[in-house]
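Trainee: Protein sequence lines, in the order shown, are assigned to chains S and P.
Residues 1 to 491 (our numbering) make up the first sequence, in order.
Residues 1001 to 1144 (our numbering) make up the second sequence, in order.
No residue lacks a Cβ here, since even glycine has one placed at the ideal position from N, Cα and C.
None of these values were measured; they are calculated from a predicted model.
So that we are looking at the same thing, I have put the structure below in structure tokens.
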Amino acid sequence: MAIEVRGGATVITDAKKRYKAGVLKYRQMGYWEPDYVPKATDTVCLFRITPQEGVDPVEAAAAVAGESSTATWTVVWTDRLTACDNYRAKAFKVEPVPNAPGQFFAWVAYDIILFEEGSIANMTASLIGNVFSFKPLKAARLEDIQIPVAYVKTFKGPPTGLIVERERLDKFGRPLLGATTKPKLGLSGRNYGRVVYEGLKGGLDFMKDDENINSQPFMHWRDRFLYVMEAVNKASAATGEVKGSYLNVTAATVEDMYERAEFAKELGSVIVMIDLVVGWSAIQSMSNWARRHDMILHMHRAGHGTYTRQKNHGVSFRVIAKWLRLAGVDHLHTGTAVGKLEGDPLTVQGYYNVCRDSYTRQDLPRGVFFDQDWADIRKVMPVASGGIHAGQMHQLLDLFGDDVVLQFGGGTIGHPAGIQAGAVANRVALEAMVKARNEGHDIRAEGLEILRKAARSCSPLQQALDTWGEISFNYTPTDASDYTPTAAVAH
Amino acid sequence: MMTNPVGKITQGQFSFLPELTDAEISLQIEYGLKRGYAWSIEYTDDPHPRNTYWEMFGMPMFDLKDAAGVLLELDSCRKSFPQHYIRLMAFDSTRGVESIAMSFIVNRPDKEPGFALLREENRGRTQRYSLRNYATERPEGERS
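Here it is as structure tokens:
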């Protein structure tokens, strides 16, 4: 089924006709330029669009360019007071999406003058603003974005970055280990701190507040912070390691968040956390705060699934990850591929690369459409969290490498012999797997054998394998690359 | 004796595993060398988690490309400081990294007494915490 994508703009060049009151096609107004070559300072977006029946894909692409930049539905003479050609985004390529009838990829370029320096709020207001409600499109999705170095350099990026984080924590050459304190709701501060202490003393590097633990009736935030920091310091004394627990400072207002973050700092926490739902401006404010106070800033991507998961509409998480790296977070939940939450392994690897690369290369099987020069901006530590356990250690290390926080919540706290035993199981599994990989073992093939061998001298690991060894979450991902068949989840 | 599950200080990449043999250490060194890292040896009797600067046992071995050579240096360090903590560290000078890429303990004292947690009560139920190393009560020059 070949759909002809009709190129060739019929731009009206006679200014008098062009600005005559009335309605023109978007492609006639200068939003479609098939010969356009993006400048080094342009931002380039790739949209997946599904035009309504009978809407020409090129006109739809031009409309996306128009509605995400200067266009309104009718001609306005006031355009002539501006250097309007600069302000118009330019759709320059449209292609049918492989194996997806009715869907098209549209490439659109934006001049650097369109976006305020250092403001994700401003960039998103254009790129994912009105255009996503535009009637001639049934659906639209921002698949990927290429941000020019000139604009990247207007952002400060992660306040700490994964390299400096490791230096502060004195932890090198292996993934970090974490766990989310469970149950996420209902524990008193005193009980909550108990879970934190047991997990950290047992061998985890981090414990974590969950996204919706703020300051509810069962546990006031100050109480939580005090008990958690008691646990962190006791565990540090018991192990000789730097330990941390992500104190969630998400609150109703930015002022409340500052107050909570200040208290966390006063108590000596190395890390605070916020949720994605606080919004871009609040994220950038908290990033500035973290930078001023030598604090690692953990980002929990609560809410992203409402707009990233469905392939035909919304924003790909790789775009959100790029924006968050610029906005400035140090940790970012980027999926597990093998756990309980959505994620095709290759697509998820694409998100990790966007967080950690110095220069990201186009990589279609991983869903990465553009090269991206990160211009030395710091790297974000990806976090794998959600339904993972020690029995998957070889898969996790193979998929994600060393620079990742592996979070085993249920997989630590649900251990039959207790939380410390759960932590030991995870730490031993991790260290054994890193050691084996470095020794030259093929951990993908030999992983289970390596775990079983390590478990012979570590009964907590044996118990973990007995309890969860067979658990996997094999569902078809909704968001896989259009350029390769969906990779099966290895087990 | 420390009270954590492995009864010892758990810094470094492999503290939860049985102590590495020299053959196993050699494989780790080779892995680092293959990736272009430079190995160095550091020792201390004060493994406080915030004690960043352990003593350097010589310079980082930037030009040493042979695991056996690194092991010889380690052996020499162990002979000089048998009751100290000794760690091997690999440095990665790649732009954008320029930091430590591997770090693990390869020698420990026979006894690891660990740390006391000191508390100072402050206002509003807050406390100021600090760790005291039981092993470093005496001045540095008078410890074995």
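Using a C-beta cutoff of 8 Å, does residue 1228 (chain P) count as contacting chain S?
Mentor: Within the shown structure, residues of chain P are numbered from 1001 to 1144, placing residue 1228 (chain P) beyond reach of any answer.
Trainee: Please report how far the alpha carbon of residue 372 (chain S) lies from the alpha carbon of residue 113 (chain S), in whole angstroms.
Mentor: Indexing the first sequence from 1 puts residue 372 (chain S) at position 372. Indexing the first sequence from 1 puts residue 113 (chain S) at position 113. Cα to Cα, the separation comes out at about 20 Å.
Trainee: Hey, residue 1102 (chain P) and residue 134 (chain S) are a contact pair by Cβ (cut 8 Å); roughly how many whole angstroms apart?
Mentor: For the purposes of this step, residue 1102 (chain P) is taken as the residue at position 102 of the second sequence. For the purposes of this step, residue 134 (chain S) is taken as the residue at position 134 of the first sequence. The Cβ separation is near 52 Å, so there is no contact.
Trainee: Distance, Cα to Cα, residue 75 (chain S) vs residue 16 (chain S)?
Mentor: Counting from 1 along the first sequence, the entry for residue 75 (chain S) is found at position 75. Counting from 1 along the first sequence, the entry for residue 16 (chain S) is found at position 16. Going from the Cα of residue 75 (chain S) to the Cα of residue 16 (chain S) covers about 12 Å.
Trainee: Can you find a C-beta in chain S that's less than 8 Å from the C-beta of residue 1099 (chain P)?
Mentor: Taking the second sequence and counting its residues from 1, the one referred to as residue 1099 (chain P) is at position 99. It does: the Cβ of residue 1099 (chain P) has a partner Cβ on chain S nearer than 8 Å.
Trainee: By the three-class DSSP mapping on this structure, what secondary structure does residue 1051 (chain P) have?
Mentor: Your numbering for residue 1051 (chain P) matches position 51 in the second sequence. Coil at residue 1051 (chain P), not helix or strand.
Trainee: In three-state terms, what does DSSP make of residue 509 (chain S)?
Mentor: Not covered by the structure: residue 509 (chain S). The range shown for chain S is 1 to 491.
Trainee: Go through its chain and collect everything with a Cβ distance to residue 230 (chain S)'s Cβ below 7 Å, but skip five positions before and after it.
Mentor: Here residue 230 (chain S) corresponds to residue number 230 of the first sequence, with the count starting at 1. Hits under 7 Å: 193.
Trainee: Does any residue of chain P have a CB that is nearer than 8 Å to the CB of residue 427 (chain S)?
Mentor: Locating residue 427 (chain S) in the first sequence gives position 427, counting from the first residue. Yes - at least one Cβ of chain P is within 8 Å of the one on residue 427 (chain S).
Trainee: Can you check DSSP and say which residues form a bridge with residue 300 (chain S)?
Mentor: The residue given as residue 300 (chain S) occupies position 300 in the first sequence. DSSP lists S:275 as partners of residue 300 (chain S).
Trainee: Less than 8 Å between CB atoms is the rule here; does residue 1136 (chain P) satisfy it with respect to chain S?
Mentor: Translated into the one-based positions of the second sequence, residue 1136 (chain P) becomes position 136. So no, residue 1136 (chain P) is outside the interface.
Trainee: At the 8 Å Cβ level, is residue 435 (chain S) part of the contact set with chain P, yes or no?
Mentor: By 1-based counting over the first sequence, the position of residue 435 (chain S) is 435. With 8 Å as the cut-off, residue 435 (chain S) counts as an interface residue toward chain P.
Trainee: Starting from residue 1105 (chain P), find everything on chain S with Cβ-Cβ shorter than 7 Å and list it in chain order.
Mentor: Taking the second sequence and counting its residues from 1, the one referred to as residue 1105 (chain P) is at position 105. Chain S residues near residue 1105 (chain P): none, gap ~10 Å exceeds 7 Å.
Trainee: Would you decide whether residue 241 (chain S) is buried or exposed? Buried here means 16 or more other CB atoms lie within 10 Å of its CB.
Mentor: Walking along the first sequence from the start, residue 241 (chain S) turns up at place 241. Buried, since its Cβ has 16 or more Cβ neighbours within 10 Å.
Trainee: Under a Cβ-count criterion, where at least 16 other Cβ atoms within 10 Å of its own Cβ denotes burial, should residue 1034 (chain P) be classed as buried or exposed?
Mentor: Taking the first residue of the second sequence as position 1, residue 1034 (chain P) is located at position 34. With fewer than 16 other Cβ atoms within 10 Å, it is exposed.
Trainee: Using beta carbons (cut-off 8 Å, strictly below), is residue 1088 (chain P) in contact with chain S?
Mentor: The residue labelled residue 1088 (chain P) in the question sits at position 88 within the second sequence. It does not; no Cβ of chain S falls within 8 Å.
Trainee: By Cβ distance below 8 Å, which residues in the same chain neighbour residue 297 (chain S) in space, the five residues on each side in sequence not counted?
Mentor: Translated into positions along the first sequence, residue 297 (chain S) becomes position 297. Excluding residues within five positions, the ones whose Cβ falls inside 8 Å are 158, 159, 160, 271, 272, 273, 274, 286, 287, 290, 328, 329, 330, 331.
Trainee: Quick check: residue 38 (chain S) and residue 109 (chain S), are their CB atoms within less than 8 Å of each other?
Mentor: Working through the first sequence from its first residue, we reach residue 38 (chain S) at position 38. Working through the first sequence from its first residue, we reach residue 109 (chain S) at position 109. Cβ atoms of residue 38 (chain S) and residue 109 (chain S): closer than 8 Å.
Trainee: If you reduce the DSSP assignment to three classes, tell me which class residue 1097 (chain P) lands in.
Mentor: The count along the second sequence starts at 1 and reaches residue 1097 (chain P) at position 97. Reduced to three states, the DSSP call for residue 1097 (chain P) is coil.
Trainee: For residue 222 (chain S), which of helix, strand or coil comes out of DSSP?
Mentor: In the first sequence, counting from the first residue as 1, residue 222 (chain S) sits at position 222. Residue 222 (chain S) falls in the helix class under three-state DSSP.
Trainee: So what does DSSP say about residue 1 (chain S), is it helix, strand or coil?
Mentor: By 1-based counting over the first sequence, the position of residue 1 (chain S) is 1. Only weak support exists for where residue 1 (chain S) lies, its pLDDT of 33 falling under 50; the value from the coordinates is given anyway. In the structure shown, residue 1 (chain S) sits in coil (DSSP, three-state: anything other than H, G, I, E or B).
Trainee: Verify the CB distance criterion: does residue 1014 (chain P) have a CB-CB separation below 8 Å to chain S?
Mentor: Here residue 1014 (chain P) refers to the residue found at position 14 of the second sequence. Yes, residue 1014 (chain P) counts as interfacial toward chain S.
Trainee: Can you pull out the residues from the region 1011 to 1045 of chain P whose beta carbon lies closer than 9 Å to at least one beta carbon of chain S?
Mentor: Of all residues in the region 1011 to 1045 of chain P, 1011, 1012, 1013, 1014, 1015, 1016, 1017, 1018, 1020, 1024, 1027, 1028, 1030, 1031, 1032 have a Cβ within less than 9 Å of some Cβ in chain S.
Trainee: Drop a sphere of 10 angstroms on the beta-carbon of residue 1028 (chain P), count the other beta-carbons inside from all chains shown, and report buried for 16 or more, exposed for fewer.
Mentor: As a first step, residue 1028 (chain P) must be located in the second sequence, where it is residue number 28. Looking at its Cβ environment, which holds 16 or more other Cβ atoms inside 10 Å, residue 1028 (chain P) is buried.
Trainee: Residue 265 (chain S) to residue 1088 (chain P), Cα distance in whole Å?
Mentor: For the purposes of this step, residue 265 (chain S) is identified with residue 265 of the first sequence, where counting begins at 1. For the purposes of this step, residue 1088 (chain P) is identified with residue 88 of the second sequence, where counting begins at 1. Answer to the nearest angstrom: the Cα atoms are 32 Å apart.
Trainee: Tell me the start and end of each unbroken beta strand (DSSP E) in the region 396 to 470 of chain S that is at least 3 residues and wholly inside, in chain order.
Mentor: Listed in chain order, the complete beta strand (DSSP E) runs (minimum 3 residues) inside the region 396 to 470 of chain S are 405 to 407.
Trainee: Between the Cα of residue 440 (chain S) and those of P:1075, P:1031, P:1090, spot the shortest distance and give me the residue it belongs to.
Mentor: Walking along the first sequence from the start, residue 440 (chain S) turns up at place 440. Taking only the C-alpha atoms, the option nearest residue 440 (chain S) is P:1031.
Trainee: Our contact map puts residue 400 (chain S) next to residue 359 (chain S) with C-beta atoms below 8 Å; I'd like the distance itself, whole angstroms only.
Mentor: Taking the first sequence and counting its residues from 1, the one referred to as residue 400 (chain S) is at position 400. Taking the first sequence and counting its residues from 1, the one referred to as residue 359 (chain S) is at position 359. At roughly 19 Å, the Cβ-Cβ gap does not stay under 8 Å, so residue 400 (chain S) and residue 359 (chain S) are not in contact.
Trainee: Going by the DSSP bridge assignment, what does residue 287 (chain S) pair with across the sheet?
Mentor: For this step, residue 287 (chain S) is matched to residue 287 along the first sequence. For residue 287 (chain S), which the question treats as bridged, DSSP gives no partner whatsoever.
Trainee: Return yes when the Cβ of residue 1043 (chain P) is within less than 8 Å of the Cβ of residue 1092 (chain P), no when it is not.
Mentor: In the second sequence, the residue the question calls residue 1092 (chain P) occupies position 92. In the second sequence, the residue the question calls residue 1043 (chain P) occupies position 43. Cβ atoms of residue 1092 (chain P) and residue 1043 (chain P): not closer than 8 Å.
Trainee: Short of 7 Å Cβ to Cβ, which residues in the region 211 to 227 of chain S face chain P?
Mentor: Residues 226.
Trainee: Residue 1071 (chain P) versus chain S: which residues are under 9 Å apart at the beta carbon?
Mentor: Within the second sequence, the letter at position 71 stands for residue 1071 (chain P). Per Cβ cutoff of 9 Å: no residues; residue 1071 (chain P) is ~15 Å from chain S at best.
Trainee: Under the three-state reduction of DSSP, which class applies to residue 505 (chain S): helix, strand or coil?
Mentor: Limits of chain S in this structure are 1 at one end and 491 at the other, which puts residue 505 (chain S) out of reach.
Trainee: With contact counted as at least three CB pairs below 8 Å, one residue from each stretch, are the region 93 to 110 of chain S and the region 50 to 70 of chain S in contact?
Mentor: With the cut-off at 8 Å, the region 93 to 110 of chain S and the region 50 to 70 of chain S touch.
Trainee: Can you pull the chain S residues whose beta carbon is under 8 Å from the beta carbon of residue 1116 (chain P), in chain order?
Mentor: The residue given as residue 1116 (chain P) occupies position 116 in the second sequence. Result: 237.
Trainee: From the DSSP output, in three-state form, read off residue 191 (chain S) for me.
Mentor: In the first sequence, the residue the question calls residue 191 (chain S) occupies position 191. Helix.
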